[in-house]
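Report on the structure given below.
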Amino acid sequence: QEKHKILHKLLQNGN
Amino acid sequence: TLLLGAEPEKVCAMPDPALPDSDIKALTTLCDLADRELVLNISWAKNIPGFSSLCLSDQMSLLQSAWMEILVLRVAFRSLPCEDKLVFADDYIMDAEQAKSAGLLELHKAILQLVSRYRSMRLEKEEFVTLKAIALANSDSMHIEDVEAVQGLQDSLHEALLDYECVHHREDPRRAGKLIMTLPLLRQTSAKAVRHFCSIKQDGRVPMHKLFLELLEANV
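Protein chains in written order, with this note's numbering: chain A, 1 to 15; chain B, 16 to 235.
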């Protein structure tokens, strides 16, 4: 999951 | 109703007018379009009732497995009114000849097979949005932590599809099943697309944005 920084960020942030 | 409301806005392909037409230009346009659509699809997923209640790691696993299925299903739905053409965007419609010059003929054919399946069923927007959410919840990731929670999401979306068909297609009690039975072809087509774009990535001639690359790598 470490490698998937952008996906992680987009899921955590608002829409 | 919530799924209809969660549908992302349309995206334009906007091919770079400064570049001469070539396979590289077509693929660059498609990869850029896919990257922008992916950002919208992640916001869309968050609006699927129940998705945001899953743990972050399961949300990631589902999207990492199903992202291309979601992109392909969206292209297929947009292409329903067009015979033999794929509507990647309103300003980017590709026929077989153009697909051939971009090296995408096989993929073009595969997606058109899916389109013709949905066209013959007269797929409706309500069914499309529900099926797309089911494809995400049913992505068969091997890394799910809370299997029961994901099963719960699958059940509620399945229930929504059954409810819709029960009210709107009483004449065909097997319609929901028929729709679910299109999912293997969607998975097969999406796997083909991932393989193709992975080989384009290895070629290194087409610039790709980071989210698209990140998700391509998730499927290797």
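Note that CB positions come from ideal geometry on N, CA and C, so glycine has one too.
Chain A contact residues for residue i, given Cβ-Cβ distances below 7 Å
i	result
glutamine 74/B	Leu11
alanine 233/B	His4
Reduced DSSP category for residue i - H, G, I as helix; E, B as strand; rest coil
i	result
asparagine 15/A	At asparagine 15/A the pLDDT is 45, less than 50, meaning the model places this residue with poor confidence; the figure from the coordinates comes in the next sentence. Of the three classes helix, strand and coil, the one that applies to asparagine 15/A here is coil, per DSSP.
alanine 117/B	coil
alanine 104/B	strand
methionine 109/B	strand
histidine 8/A	helix
methionine 83/B	helix
alanine 33/B	coil
cysteine 70/B	coil
aspartate 170/B	helix
alanine 28/B	coil
Beta-carbon contacts of residue i that lie in its chain and below 8 Å, excluding the five residues immediately before and after
i	result
leucine 228/B	Lys216
7 Å Cβ shell around residue i - same chain, five flanking residues per side excluded
i	result
arginine 202/B	Glu84
lysine 61/B	Ser67
alanine 81/B	Ala150, Leu151 and Ser154
Chain A within 8 Å of residue i, Cβ atoms only
i	result
glutamate 229/B	yes
leucine 17/B	no
alanine 201/B	In the sequence as displayed, the identity of residue 201/B is leucine instead of alanine. With 8 Å as the cut-off, leucine 201/B does not count as an interface residue toward chain A.
isoleucine 57/B	yes
valine 54/B	yes
leucine 71/B	yes
Neighbourhood of residue i by C-beta, 6 Å cutoff - its chain only, sequence neighbours within 5 removed
i	result
cysteine 27/B	Ala104 and Asp106
arginine 93/B	Val102
asparagine 15/A	Residue placement at asparagine 15/A is flagged as unreliable, the pLDDT there being 45, under the threshold of 50; the coordinate-derived value follows with that caveat. Taken in chain order, the list of residues that qualify is empty.
C-beta atoms of residue i and residue j nearer than 8 Å
i	j	result
leucine 231/B	leucine 53/B	no
alanine 164/B	leucine 18/B	no
isoleucine 57/B	leucine 78/B	yes
leucine 122/B	lysine 207/B	yes
cysteine 70/B	glutamate 160/B	yes
isoleucine 63/B	alanine 91/B	no
Under 8 Å by beta carbon: chain A residues contacting residue i
i	result
glutamine 79/B	His4 and Leu7
lysine 225/B	Ile6
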